[in-house]
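Peer 1: If you read the sequences in order, they're chains A and B.
Take 332 as the starting number for the first sequence in our numbering and just add one per residue.
Take 20 as the starting number for the second sequence in our numbering and just add one per residue.
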Amino acid sequence: MNGEKKINVVLAGQGNTGKTSVFNYYTGLHQHTGNWAGKTIEKLEGTLYYKDYTIDVLDLPGIYSLTTLSAEELISREYITKHKPDVVINIIDSTNLERNLIFTLQLLELECPVIVALNMIDIAKKKGITIDIDKLQDIINTPVISTVASRGTGLTDLMDKVIELKEKKHDRGNLIYGKEIENCIKQLLVELKDIELPYPHRWIAIKLLEKDNEIVKIIRELKPVIIEKTKHLESRLEEIHGHDSSLVIADERSHLASQITREIVTMTPHKKMSLNDWLDIITTHRFSGYLVMILIVGAMFFSVFSFGNWLSSGLDKVFRNWHEWWNNNIGITFIAALGWSAIEGVLALIQIALPYILPFYIFLYILEEWGYMARISFLMDNLMHKMGIHGKGCISFIIGLGCNVPGCLSCRIMESKRERFITAVLVTLVPCSAVSVIVFGLVGKYVGLWWALGLYLFATAIIFIAGKISSKILPGEPVELIMPMPDYKMPQLKSILYQTWEALKEFIYIAAPIVIISGVIIQAINLAGWMPAISTFLSPVTVTWLGLPAITGILLIFGILRKELILVMLAAYLGTTEFAEVLSSQQMITLAVVSMFYVPCVATISVLWKEFGWKKALAVCIIEIAFAIILAGIVFRLLNFVF
Amino acid sequence: MNTSGKIKSIIDMQDGQSGIIVSLHGGRNLTKRLADLGISPGTLITVLRKSLFAGPVQVEVSGSRLVLGRGLASKILVEPK
Chain A
332 MNGEKKINVV LAGQGNTGKT SVFNYYTGLH QHTGNWAGKT IEKLEGTLYY
382 KDYTIDVLDL PGIYSLTTLS AEELISREYI TKHKPDVVIN IIDSTNLERN
432 LIFTLQLLEL ECPVIVALNM IDIAKKKGIT IDIDKLQDII NTPVISTVAS
482 RGTGLTDLMD KVIELKEKKH DRGNLIYGKE IENCIKQLLV ELKDIELPYP
532 HRWIAIKLLE KDNEIVKIIR ELKPVIIEKT KHLESRLEEI HGHDSSLVIA
582 DERSHLASQI TREIVTMTPH KKMSLNDWLD IITTHRFSGY LVMILIVGAM
632 FFSVFSFGNW LSSGLDKVFR NWHEWWNNNI GITFIAALGW SAIEGVLALI
682 QIALPYILPF YIFLYILEEW GYMARISFLM DNLMHKMGIH GKGCISFIIG
732 LGCNVPGCLS CRIMESKRER FITAVLVTLV PCSAVSVIVF GLVGKYVGLW
782 WALGLYLFAT AIIFIAGKIS SKILPGEPVE LIMPMPDYKM PQLKSILYQT
832 WEALKEFIYI AAPIVIISGV IIQAINLAGW MPAISTFLSP VTVTWLGLPA
882 ITGILLIFGI LRKELILVML AAYLGTTEFA EVLSSQQMIT LAVVSMFYVP
932 CVATISVLWK EFGWKKALAV CIIEIAFAII LAGIVFRLLN FVF
Chain B
20 MNTSGKIKSI IDMQDGQSGI IVSLHGGRNL TKRLADLGIS PGTLITVLRK
70 SLFAGPVQVE VSGSRLVLGR GLASKILVEP K
């Protein structure tokens, strides 16, 4: 390529600012994702070739501050201070200027070269917000460019500015805080003079006054006197302001942000309520909000499942022909059969990914971009709270109803590790579309629709109890919901397709290897003729305790691959799809209960493994197997009173 | 600031009512997190709506809309206007 000169650019900003759109616009064709060292937090990097420059762009996680409260925040500030990028582009949501400016002030404190991108300026205009860009530029002494990232407007200007800033360094000077704070900073700067650290001295002083754990620890090791001095200064600040010194600094920033906003923003108040206001009221109302939610989520599942069933059965016919072709042309040897089971693993993934997960993701991203997901979190927070997690977890549950794999992956939206784990474990108990096939194909069809729906209610109760128990036994405090409420906005087709593609790719990458390998292993056991021995071995559990036919043992082993195989193999072994002829009603319900809970499928196990380590993944599997068997045995005995 | 009779938590305010934040009851991490979102003493906060069954509270503060969990909201004390 022609890029001789290199520039390192970092994108920083809060969530919902359009940061991802900016990143995709610049690096759409040259992206690679990885993880931050030792973390499960995604690291997005890309390259742009522009005007003789090779510009490396790094997208930092969307965060609300540069403190060390979360792993994402720590990563971001460590990256900026240690790697000293040439330019940091701070992307701001123009409709939430004041809140975003608080973050900008923290970036400026790091004394790195910053360009502010006032994004979504079109929406701000529509809302009657006019921003004096020149004045903002003057006040913070930093270049400001207005952009509409979803349409690419202003992004060329922004890159030109990046090059300009890289070529000619400019000394910005610092923003001045209140007199007492500046006084404290000045005194600390004297002490810090001979300290050699990658951070700017003024920033260290501010962080010391903010009682930042990380910085206090570092300074205590280098020069403990400074900590004594800081304590002294802090108590003076606290005396003047009447609250904790860490808050004094944070308050100072937020007041400065609101002062700047007052100076640069002119509001033209709307006389009429906008469509956005109406939609917001209806969708978050204490009654109509829930009604709308049930309608939207219900419509989503209905259309995804009808489309999915149609496409899946179509694919099934095609793949069956392939299987025949394979048997006729490759032969029916041991190796050929193993080869086919590897191919079958791939086909099975396609059969889940294309008909179900693809349309499901498209729906989800439309709702997400539109701004509806935040409304669901708001409406469901109270109920979720009773399980020990907050409202955002509901989104993972909804995704889990489609497929547990993306459901578990989506737990990354939860703030703490503890929350992430609890949510993921609960998602593995959510009946996914494959389990629904069993529940409706067996219980719904032969015992009654109400029994099938009752099983869903039963699953809800189990998830609820499991949530209560796990939030009790796992150490740590529950995190409360703090979430910006985005305005409704038109979803962008390009961004939805892009996100769907990325999510689908991740699903295949994680699930494919383990699904194929375990498929081949189970097939090998089957072909070696060990299955009858295994079903005999498992019969104390399956026959004696659960009251099911002995072949259930084999079904449950295949079910680990994909849950709907339980039904498919049942038909194959019995030689009929008229299950009522061979199974009693209580046997069908018992089998459905076991299938629902007994173990996450291999693809889900691999996600748990990747996200939480093999120990936790194994523990979840063992606990769920034991739990499901005990539970289903009890259910079987209780059902004796009914039937 | 001897107006303790009037001071109340935002969960006790009516939908649409505003007030000036007087104090935040909570650990340092929590109050800092709130300050980073523009919720700090001296700021005007408006309760937009509360959800059913004592759920979270939707507020508007410094021009942004936020949703706060119930427990969190109960720790924000304001002087209603």
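A virtual CB, placed ideally from N, CA and C, is assigned to each residue, including glycine.
Run through DSSP, which three-state label would Gln830/A get?
Peer 2: Reduced to three states, the DSSP call for Gln830/A is helix.
Peer 1: Could you please give the first and the last residue of the uninterrupted alpha helix (DSSP H) stretch that includes Thr615/A?
Peer 2: Unbroken alpha helix (DSSP H) run through Thr615/A: Leu606 to Thr615.
Peer 1: Kindly indicate if chain A contains any beta-carbon less than 7 Å away from that of Met20/B.
Peer 2: Any reading at Met20/B needs caution, since the residue's pLDDT is 44, under 50, leaving its predicted position unreliable; the model's value is listed next. No, Met20/B does not count as interfacial toward chain A.
Peer 1: Using DSSP bridges, identify the partner residues of His363/A.
Peer 2: Paired residues: Glu376/A.
Peer 1: May I ask which residues mark the beginning and end of the beta strand (DSSP E) holding Met816/A?
Peer 2: Unbroken run through Met816/A: none, as it is neither H nor E.
Peer 1: Taking 7 Å as the CB-CB limit, is Met814/A close to chain B?
Peer 2: Yes, its Cβ sits closer than 7 Å to a Cβ of chain B.
Peer 1: Mind checking whether Leu379/A and Asp390/A have CB atoms under 7 Å apart?
Peer 2: Going by C-beta atoms, Leu379/A is not nearer than 7 Å to Asp390/A.
Peer 1: Below 8 Å on the Cβ atoms is my contact criterion, and I expect Tyr621/A with Leu710/A to pass it. Report the Cβ-Cβ distance as a whole number of Å.
Peer 2: With a Cβ gap of about 6 Å, Tyr621/A and Leu710/A count as contacting.
Peer 1: Can you name, in chain order, every residue of its own chain whose Cβ lies under 7 Å from the Cβ of Gly393/A, other than the five neighbours on each side?
Peer 2: Only Gly344, Gln345, Gly346 and Lys350 meet the Cβ criterion.
Peer 1: Got a sec: does the ligand HEM put a non-hydrogen atom nearer than 6 Å to the Cβ of Val41/B?
Peer 2: Annotation note on the ligand HEM: not contained in the displayed structure, which lists no ligands.
Peer 1: Please report the residue range of the alpha helix (DSSP H) in which Val388/A lies.
Peer 2: Where Val388/A is concerned, there is no enclosing alpha helix (DSSP H), although the beta strand (DSSP E) it sits in stretches over Tyr384 to Asp390.
Peer 1: For Lys51/B, would you say it is in contact with chain A, using Cβ-to-Cβ distances shorter than 7 Å as the test?
Peer 2: Yes - at least one Cβ of chain A is within 7 Å of the one on Lys51/B.
Peer 1: In the DSSP assignment, find the unbroken beta strand (DSSP E) run with Pro99/B in it and report its ends.
Peer 2: Run containing Pro99/B: Ile95 to Pro99, per the beta strand (DSSP E) assignment.
Peer 1: If you draw a straight line from the C-alpha of Phe434/A to the C-alpha of Asp55/B, how long is it?
Peer 2: Roughly 7 Å separates the two Cα atoms.
Peer 1: Please report the distance separating the alpha-carbon of Ala948/A from that of Pro931/A.
Peer 2: Taking the straight line joining both Cα atoms gives about 10 Å.
Peer 1: By Cβ distance below 7 Å, which residues in the same chain neighbour Lys25/B in space, the five residues on each side in sequence not counted?
Peer 2: Result list for Lys25/B: Glu98 and Pro99, in chain order.
Peer 1: Under a CB-based cut-off of 7 Å, is Phe709/A close to chain B?
Peer 2: Chain B, which has a Cβ nearer than 7 Å to the Cβ of Phe709/A, makes this yes.
Peer 1: What would DSSP say about Asn472/A, mapped onto helix, strand or coil?
Peer 2: In the structure shown, Asn472/A sits in coil (DSSP, three-state: anything other than H, G, I, E or B).
Peer 1: For Arg52/B versus Asp575/A, is the C-beta spacing smaller than 7 Å?
Peer 2: No, they are not a contact pair.
Peer 1: Measure the C-alpha to C-alpha separation of Gly459/A and Pro75/B and round it to an integer number of angstroms.
Peer 2: About 29 Å.
Peer 1: Name, in chain order, the residues that DSSP records as bridge partners for Gln77/B.
Peer 2: Gln77/B is bridged to Arg68/B and Val86/B.
Peer 1: Short of 9 Å Cβ to Cβ, which residues in the segment 503-526 of chain A face chain B?
Peer 2: Listed by position, the residues of the segment 503-526 of chain A near chain B (Cβ gap below 9 Å) amount to none.
Peer 1: Check whether the Cβ of Ser23/B lies closer than 7 Å to any Cβ atom in chain A.
Peer 2: Residue confidence is low: Ser23/B scores 46 on pLDDT, short of 50, so the model does not pin down where it sits. Its coordinate-derived value is still stated next. No, because no Cβ of chain A sits closer than 7 Å to the Cβ of Ser23/B.
Peer 1: Using only CA atoms, which one of Phe868/A, Asp608/A and Lys538/A lies nearest to Ser577/A?
Peer 2: Of the listed residues, the one whose Cα sits closest to Ser577/A is Lys538/A.
Peer 1: Locate the alpha helix (DSSP H) running through Ser42/B, then write down its first and last residues.
Peer 2: Segment Ser37 to Leu43 is the beta strand (DSSP E) holding Ser42/B; no alpha helix (DSSP H) there.
Peer 1: Distance, Cα to Cα, Pro60/B vs Leu568/A?
Peer 2: Rounded to the nearest angstrom, the two C-alpha atoms are 16 Å apart.
Peer 1: Using Cβ-Cβ distances below 8 Å, what residues of the segment 563-592 of chain A are close to chain B?
Peer 2: Hits within the stretch, in order: His574, Asp575, Ser577, Leu578, Ala581, Asp582, Arg584, Ser585, His586, Ala588, Ser589 and Thr592.
Peer 1: Could you tell me whether any Cβ in chain A is nearer than 7 Å to the Cβ of Ser81/B?
Peer 2: It does: the Cβ of Ser81/B has a partner Cβ on chain A nearer than 7 Å.
Peer 1: What are the uninterrupted segments assigned as alpha helix (DSSP H) that are 4 or more residues long and contained completely in the segment 631-709 of chain A, given in chain order?
Peer 2: Runs found: 665-683 and 689-701.
Peer 1: On a Cα-Cα basis, can you pick out the residue from Gly38/B, Leu85/B, Ser70/B and Lys27/B that is closest to Arg617/A?
Peer 2: The residue with the shortest Cα to Cα distance from Arg617/A is Ser70/B.
Peer 1: Taking beta-carbon pairs under 7 Å, can you tell me which members of the segment 417-439 of chain A lie near chain B?
Peer 2: Those would be Asn427, Leu428, Glu429, Arg430 and Ile433, in chain order.
Peer 1: In chain A, which residues lie with their C-beta within 9 Å of the C-beta of Leu87/B?
Peer 2: Within chain A, the residues near Leu87/B are Glu811, Leu812, Ile813 and Met814.
Peer 1: Determine the direct distance from the alpha carbon of Cys763/A to that of Gly639/A, and round the result to whole angstroms.
Peer 2: Going from the Cα of Gly639/A to the Cα of Cys763/A covers about 13 Å.
Peer 1: Check for me: the beta strand (DSSP E) holding Thr597/A runs from which residue to which?
Peer 2: Note, Thr597/A: beta strand (DSSP E), Val596 to Met598.
Peer 1: Quick check on Asp424/A: does DSSP put it in helix, strand or coil?
Peer 2: It is a strand residue.
Peer 1: Please work out which residues of its chain come closer than 8 Å, Cβ to Cβ, to Lys94/B, disregarding the five sequence neighbours upstream and downstream, and give them in chain order.
Peer 2: Closer than 8 Å at Cβ, skipping near neighbours: Ser28, Leu43, His44, Gly45 and Leu49.
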